[in-house]
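Using this note's numbering, read the sequence shown as starting at 79 and increasing by one per residue. Heads up, the beta-carbon is just placed ideally off N, CA and C, and yes, glycines get one too. For clarity, every value in this text was computed on a predicted model and none was experimentally measured.
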Amino acid sequence: MLPLRDEMRTRQTPYVTYGLIAVNVLVYLWEMLVSMGNPYYQYAFALVPASFLRGITVFNVLTIFTSMFMHSGLAHIGGNMLYLWIFGDNVEEAMGRGRFLLFYFLGGLGASIAHILTNPGSEIPTVGASGAIAAVLGAYLLLFPRNRILTLIWLGFFVRLTMIPSTIVLGFWFILQLFQGLLSLGGPDVGGVAFWAHIGGFVIGLIGARIFTLPRLRSPYDDYSGRWY
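This is how it looks when you write it as structure tokens:
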């Protein structure tokens, strides 16, 4: 299942969401230019669990945040930015811009910690915004469980666009991450998807969603029936 768009419009321009997407794209373009002649680039700014645990320094802590804006390829950044574009605007409006930005970075921090704890000996550089975006997905699921998502379902020759509740789209996504994460435990140290970063970020999102919307006595969407646009 590939989500393409949700049905809820925002009442305010989601400047933080758009800004995060813009920064990620700009960093990716800069990364491509620099890494062409510098094979050690990712090790300098990516999160490397084993290196982090050998000595927690200011620079190592900074790699948690610099790695959140780095990506390994067009498909990687394209998928991440699609999810942030679909789900970030509504969460931003529910939390407020400042709280949403703080929530986003805390989600990325929690995702990185989960990845480090489950891969303490890994020397493989970890990059990507997916841990922080997973927190956004967890918050969206908790705040907007009745929203419907326009989703592309592709099974072999069967291709269909359909509206699916966010509980199914995001619930299925999380179950898949959890299943793959459990399979990866105790396995060889190879590159690939950082499933436990996704899991950690998603859990942070579930926990933090209500906390970060607490100053608002009620969600601005409580009486919203939802309309496709």
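- Collapsing the DSSP output to three states places Pro-127 in a helix.
- Closest option to Gly-283, judged by alpha-carbon separation, among Pro-223, Ile-194, Leu-219, Gln-258: Leu-219.
- Residue pairing by DSSP puts Leu-228 in a beta bridge opposite Arg-83, Met-241.
- Taking all protein chains in view, the Cβ of Tyr-93 is surrounded by fewer than 16 other Cβ atoms within 10 Å, so the residue is classified as exposed.
- Distance from the CA of Leu-80 to the CA of Leu-160, rounded to the nearest whole angstrom, comes to 10 Å.
- Note that the C-beta distance between Thr-196 and Leu-125 is not below 8 Å.
- With a contact defined as Cβ atoms closer than 8 Å, Leu-162 and Val-105 miss out at about 14 Å.
- For a cut-off of 8 Å, the C-beta gap from Pro-203 to Ala-128 is around 11 Å, too long to register as a contact.
- Note on geometry: alpha-carbon atoms of Val-205 and Ser-150 lie some 7 Å from one another.
- By the Cβ-count criterion, Ile-155 is buried, with 16 or more other Cβ atoms from all chains shown falling within 10 Å of its own Cβ.
- In the DSSP assignment, Val-271 falls outside any alpha helix (DSSP H), carrying neither H nor E.
- In terms of Cβ geometry, Leu-82 and Thr-229 form a close pair [threshold 8 Å].
- Taken through DSSP and simplified to helix, strand or coil, Thr-95 comes out as helix.
- With contacts defined as CB atoms closer than 8 Å, Ser-244 and Phe-273 fail to qualify as a contacting pair.
- Distances from the alpha-carbon of Thr-144 to those of Tyr-119, Phe-165, Leu-152, Glu-85 put Tyr-119 closest.
- Note on Glu-109: 16 or more other CB atoms within 10 angstroms of its CB, so buried under the neighbour-count rule.
- The beta carbons of Phe-165 and Asp-84 sit closer together than 8 Å.
- Thr-135 carries a coil assignment under DSSP once its states are collapsed to helix, strand and coil.
- A Cβ-Cβ separation of about 14 Å leaves Phe-123 out of contact with Ala-207 under the 8 Å criterion.
- Here Leu-233 is exposed: its Cβ has fewer than 16 other Cβ atoms, across all protein chains shown, within 10 Å.
- By the criterion of a C-beta distance shorter than 7 Å, Ile-99 is surrounded in its chain by Met-159, Leu-162, Trp-163, once the five residues flanking it on both sides are discounted.
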